[in-house]
Amino acid sequence: MKKFSTAAACAAFLSVGVSAGAIHAQTAEVLHWWTSGSEQAALAEVRKAFEAKGGTWVDTPIAGGSNARAAAVNRMLGGDPAAVFQFSIGQQLRELADQGLLANVGKVADEENWDEKLPPLIVKAAKYDGNYIAAPINIHGENWMFYNKAVLEDAGIDVPTSWDDFIAAAEKLKAAGVTPIGLGGQPWQERIMFNSVLLGVGGREFYADLYSTLDDDLLESDTMHQVFETFAALKPFVDESSPGRNWNEATNMVIKGDAAFQFMGDWAKGEIIAAGIEPGTTVGCAFAPAVDTAYIMTVDAFAFSAMDGEDATPAQEKMAQVMLEPDVQIAFNMKKGSIPARLDVPSDSFDSCAQTAIKTLQDKKTHLVSTGLFGVPSAVSGAIDDSISNFWNSADMSPKEGQEQFHEAISYAK
Amino acid sequence: MADPAQGVLQRSVENDAIQKTGRRRWRPQWTARMALIPAMTITIVCFYGFIIWTFVISLTRSRLLPVYKFTGFDQYVRLFANERWWTSMQNLAIHGFLFIGGCMVFGYLLAILIDRRVKAEGMYRTIFMLPLSMSFIVTGVIWQWVMNPGLGLQEAVRALGWDSFEFNWIVRPDRAIYTLAIAGIWQQVGLCMALFLAGLRNIDPNIWKASRVDGIPVWRVYLHIITPMLRTVFFTVFILMSAIVMKAFDLVVALTGGGPGFSSDLPARFVVDHILNRQELGLGAAGAFVLLCTVIAVISPYIYFELKKERGGRGH
């Protein structure tokens with residue numbers, strides 16, 4: 001490790017020293033926020049492949065997504081951008097492109113035919129002016145329901161497939177002394193659960209329409225009222241200490257059997273694997289109860305800076321190409337716990353949860369996007385988190401009031 | 001900022017009066033001014049410059065990056081329609097009142113107790129001062145554990161057999177804001193105590209002798225004689241603690257994360273969250289500017305009043 005960072009430091013020094021010449025044209029500095037064990041291991045797969053193709057990788061990890069994004073933007077504005085940087089795709093990235101700060105990798109994308117291989121919604125979010133400004137590397141799903149199989153068996157219940165079933169099951173579990181829902185009471189986690197309810201009660205078309213149009217009629221609709229009623233009905237099934245809890249602590253409650261269910265993205269599998277359990281065995285995974293099948297996607301992506309007076313394009317294009325290579329997609333995503341961004345990659349080597357996800361996504365009707373990252377503008381995304389969290393934590397707020405507050409917050413933010 | 005310059009200036013004038021030489025008249029002024037240029041520049045650029053810049057940004061529709069397309073007071077309209085903003089401002093008032101009041105009352109009481117010549121005074125002083133050596137983040141994490149109903153105080157007392165015991169403020173939206181004051185006071189009370197103690201030790205012993213001769217009870221001496229004499233110490237403590245309240249960010253991040261919901265949010269966290277995490281630069285800047293105006297409106301009358309009184313007192 002030490003040797004590795006020394007080498008990285010030397011490489012960084014060298015690349016700065018000779019950056020004016022084109023000698024090190026295949027050098028790419030990669031700025032990212034993947035600092036945890038599994039994330040690092042996953043990214044190392046990309047690095048290995050990039051270096052095997054003769055590229056030089058300069059690693060710049062910065063802990064924390066918002067810190068890393070701020071650093072990437074500040075360096076760009078300061079005239080010393082990292083050639084490749086992790087970023088969320090969507091409106092913010094387009095804002096950078098508006099300022100002429102980004103390079104595009106349209107050439108590679110055309111050669112590799114990304115348009116056909118990536119889910120259309122992701123294609124749309126990753127393009128600016130018809131060209132790709134980012135390379136999507138994976139897909140995480142947010143409407144998962146993880147459950148402890150033994151706990152469900154002891155209580156004599158099946159995995160619920162509708163929210164009415166779920167509420168009936170939760171009553172039983174509560175009577176048996178188990179916490180039905182292990183929830184980390186932080187706004188984004190409450191929102192993940194809310195969106196699962198929204199999808200489950202309203203259906204995938206309603207979800208897609210609502211968040212793509214943010215239409216007043218939909219926000220005021222009876223369906224939306226039902227969503228809030230169902231969400232409110234879940235309040236008694238959470239334990240007292242939930243507020244402020246981290247997501248991985250909640251996952252551990254399910255692993256230990258203290259809680260029966262957790263609604264969380266598939267990164268929870270990382271925690272399950274770390275506990276020595278293969279996802280889908282003693283801790284099961286299923287989509288949250290819903291009227292039809294859908295997958296709420298969130299995507300990790302890398303974007304490319306416009307480099308002033310220096311030809312970084314070959315290195316950037318090589319990076320984009322490597323990131324979406326089928327072998328790299330498999331190796332990376334197996335370690336990351338996500339699924340490949342390309343839908344044409346064979347799924348055999350993945351765990352059963354990931355296989356389900358890959359199979360589901362073959363049907364384009366199931367594609368939905370998370371409000372957390374690129375489904376809606378970040379101001380709206382924040383307003384959603386705030387109002388959902390406020391509703392969830394206000395015992396005396398009626399579903400009607402919750403719905404109105406949600407509507408109002410979105411109108412001011414959009 | 002201007003005070004040291006004036007001090008030097010005044011001294012130089014006095015020198016002049018004694019020596020009456022033309023050359024000495026300007027040289028000390030000149031060097032003093034030269035020495036002040038860096039500090040002045042930093043203050044003007046970093047402080048006033050950025051205040052103006054923040055205000056300018058708040059009039060634009062900047063999101064991720066500063067853009068200079070002006071939209072008037074739109075961001076302020078959005079800010080004032082935002083429920084989370086009002087919750088955080090209300091929380092600032094509650095937290096400010098409880099935290100500053102609590103630090104002053106408990107700090108003063110502790111100082112008085114120590115001033116009564118308790119045994120092992122040094123030990124108590126160290127114990128009360130110790131929390132101050134910790135950052136607000138550490139304080140926040142400690143109290144988060146203590147107040148967590150599942151593993152902290154509540155659980156511990158229940159394990160002893162008192163099953164109905166409840167201390168779950170940190171997970172109750174209507175009480176979470178008070179936990180901030182508890183943790184904040186715990187950390188800062190030592191500093192207040194030290195300042196008050198220094199003030200008490202400066203009181204002329206003859207006052208105690210005189211009051212003993214007159215047979216005044218000790219509590220009345222403290223309340224009616226000593227406390228008014230410590231007016232400047234109270235003033236200092238108030239200003240110091242006010243600054244901590246206005247800046248309060250790390251404590252709320254570590255202790256409650258603004259939750260449950262946004263029930264314990266504070267304006268500083270609102271501003272940072274909107275600028276860094278939500279790419280709402282304009283809205284965050286508007287929040288920061290409103291916060292600044294609020295602080296000026298609340299604090300400046302008190303400062304003005306105190307300084308005027310002090311100057312008036314000296315004059316006569």
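Going line by line, the protein sequences match chains A and G. Numbering-wise (the UniProt record's numbering), the first sequence opens with residue 1 and increments by one. Numbering-wise (the UniProt record's numbering), the second sequence opens with residue 1 and increments by one. We put the CB at the ideal spot given by N, CA and C, even for glycine.
Once DSSP output is grouped into helix, strand and coil, what is the label at residue i?
i, result
"residue 345 of chain A", "coil"
"residue 22 of chain A", "In this prediction, residue 22 of chain A scores a pLDDT of 41, lower than 50, which makes its location untrustworthy; the coordinate-derived value is nonetheless stated afterwards. Coil."
"residue 262 of chain A", "strand"
"residue 409 of chain A", "helix"
"residue 393 of chain A", "helix"
"residue 13 of chain A", "The pLDDT assigned to residue 13 of chain A is 44, lower than 50, so where the model puts this residue is not dependable, and the model offers no usable value."
"residue 34 of chain A", "coil"
"residue 102 of chain A", "strand"
"residue 295 of chain A", "strand"
"residue 238 of chain A", "strand"
"residue 214 of chain A", "coil"
"residue 62 of chain A", "coil"
"residue 216 of chain G", "coil"
"residue 179 of chain A", "strand"
"residue 91 of chain A", "helix"
"residue 40 of chain A", "helix"
For a contact defined as C-beta to C-beta under 9 Å, what are the partners of residue i on chain A?
i, result
"residue 43 of chain G", "The contacting residues do not exist; residue 43 of chain G stays about 24 Å from chain A at best."
"residue 290 of chain G", "Correct list: empty, because the minimum Cβ distance to chain A is about 16 Å."
"residue 202 of chain G", "Those within 9 Å of residue 202 of chain G in chain A number zero; the least Cβ separation is about 44 Å."
Please list, in chain order, all residues of the same chain as residue i whose beta carbon is under 8 Å from its beta carbon, the five residues on each side excluded.
i, result
"residue 21 of chain G", "Note that residue 21 of chain G scores 49 on pLDDT, short of 50, meaning its location in the model is unreliable; the coordinates nonetheless yield the value given after this. None."
"residue 374 of chain A", "88, 89, 90, 91, 125, 298, 299"
"residue 55 of chain A", "26, 27, 28, 315, 318, 319, 322"
Using a Cβ-Cβ cut-off of 7 Å (strictly less than) and excluding sequence neighbours within five positions of residue i, which residues of its own chain qualify?
i, result
"residue 197 of chain G", "111, 114, 115"
"residue 105 of chain A", "132, 135, 304, 316, 317, 320"
"residue 270 of chain A", "38, 337"
"residue 287 of chain G", "79, 85, 267, 270, 271, 274"
"residue 168 of chain A", "none"
Strictly below 7 Å CB to CB, what residues from chain A border residue i?
i, result
"residue 215 of chain G", "Per Cβ cutoff of 7 Å: no residues; residue 215 of chain G is ~56 Å from chain A at best."
"residue 149 of chain G", "240, 241"
"residue 279 of chain G", "92, 378"
"residue 276 of chain G", "66, 70"
Quick one: residues in its chain with C-beta nearer than 6 Å to the C-beta of residue i, no 5 flanking neighbours on either side, listed in chain order?
i, result
"residue 146 of chain G", "152, 153"
"residue 196 of chain A", "143, 263, 288"
"residue 188 of chain G", "103"
"residue 388 of chain A", "190, 191, 194"
"residue 192 of chain G", "103, 107, 237"
"residue 219 of chain A", "407"
"residue 286 of chain A", "145, 159"
"residue 235 of chain A", "none"
"residue 237 of chain A", "170, 180, 181"
"residue 65 of chain A", "33"
Based on DSSP bridge pairs, tell me the residues matched to residue i.
i, result
"residue 57 of chain A", "A:28"
"residue 416 of chain A", "Here chain A has residues from 1 to 414 only, and residue 416 of chain A is not among them."
"residue 127 of chain A", "A:132"
"residue 185 of chain A", "A:243"
"residue 368 of chain A", "A:296"
"residue 281 of chain A", "In the DSSP output, where bridge partners are listed per residue, residue 281 of chain A has none listed."
"residue 340 of chain A", "A:138"
"residue 86 of chain A", "A:302"
Residues of chain G with CB closer than 7 Å to the CB of residue i, please, in chain order.
i, result
"residue 95 of chain A", "63, 64, 65"
"residue 386 of chain A", "84, 262"
"residue 185 of chain A", "259, 260"
Since residue i meets chain G, which of its residues come closer than 8 Å, beta carbon to beta carbon?
i, result
"residue 412 of chain A", "78, 81, 82"
"residue 393 of chain A", "173, 259, 260, 261, 263"
"residue 252 of chain A", "The contacting residues do not exist; residue 252 of chain A stays about 13 Å from chain G at best."
"residue 389 of chain A", "259, 260, 261, 262"
Show which residues of chain A have a CB atom less than 8 Å away from the CB atom of residue i.
i, result
"residue 91 of chain G", "The premise fails here: residue 91 of chain G is roughly 14 Å from chain A at the closest Cβ pair, so nothing lies under 8 Å."
TODO: Mind the definition here: the stretch 265-276 of chain G touches the stretch 85-93 of chain G only if three or more C-beta pairs lie below 8 Å; say whether that holds.
DONE: Enough Cβ pairs lie closer than 8 Å, so yes.
- [ ] Answer yes if the stretch 315-330 of chain A comes into contact with the stretch 82-95 of chain A, meaning at least three C-beta pairs across the two stretches below 8 Å, and no otherwise.
- [x] Between the stretch 82-95 of chain A and the stretch 315-330 of chain A there are three or more C-beta pairs closer than 8 Å, enough to call the two in contact.
TODO: Check whether the stretch 361-368 of chain A touches the stretch 177-194 of chain A, taking contact to mean three or more Cβ pairs, one atom from each stretch, closer than 8 Å.
DONE: Touching, no, given that fewer than three Cβ pairs across the two stretches are closer than 8 Å.
Open item on the list: When you compare the stretch 66-77 of chain G with the stretch 218-232 of chain G, are there three or more beta-carbon pairs, one atom per stretch, that lie closer than 8 Å?
Closed with: No, the stretch 66-77 of chain G does not touch the stretch 218-232 of chain G.
Open item on the list: Assess contact between the stretch 27-45 of chain G and the stretch 252-260 of chain G, defined as three or more Cβ pairs (one per stretch) separated by less than 8 Å. Is contact present?
Closed with: The answer is no - the stretch 252-260 of chain G does not touch the stretch 27-45 of chain G, with fewer than three Cβ pairs under 8 Å.
TODO: Say whether the stretch 227-236 of chain A touches the stretch 397-406 of chain A, bearing in mind that this needs 3 or more beta-carbon pairs closer than 8 Å, one atom from each stretch.
DONE: Taking one beta carbon from each stretch, the stretch 227-236 of chain A and the stretch 397-406 of chain A have 3 or more pairs nearer than 8 Å; the two touch.
Open item on the list: Under 8 Å, with one C-beta from each stretch per pair, do the stretch 340-358 of chain A and the stretch 224-242 of chain G reach the 3-pair mark?
Closed with: Counting C-beta pairs closer than 8 Å gives fewer than three between the stretch 340-358 of chain A and the stretch 224-242 of chain G, which falls short of the contact rule.
TODO: Assess, as a yes-or-no matter, whether the stretch 149-157 of chain A is touched by the stretch 319-335 of chain A under the definition of 3 or more beta carbon pairs within less than 8 Å.
DONE: The answer is no - the stretch 149-157 of chain A does not touch the stretch 319-335 of chain A, with fewer than three Cβ pairs under 8 Å.
TODO: Mind the definition here: the stretch 160-172 of chain A touches the stretch 347-359 of chain A only if three or more C-beta pairs lie below 8 Å; say whether that holds.
DONE: With contact defined as three or more Cβ pairs closer than 8 Å, the stretch 160-172 of chain A and the stretch 347-359 of chain A are not in contact.
Open item on the list: Residues of the stretch 99-110 of chain A in Cβ contact with chain B at a cutoff of 7 Å, in chain order, please.
Closed with: Looking for chain B here will not work: the only protein chains present are A and G.
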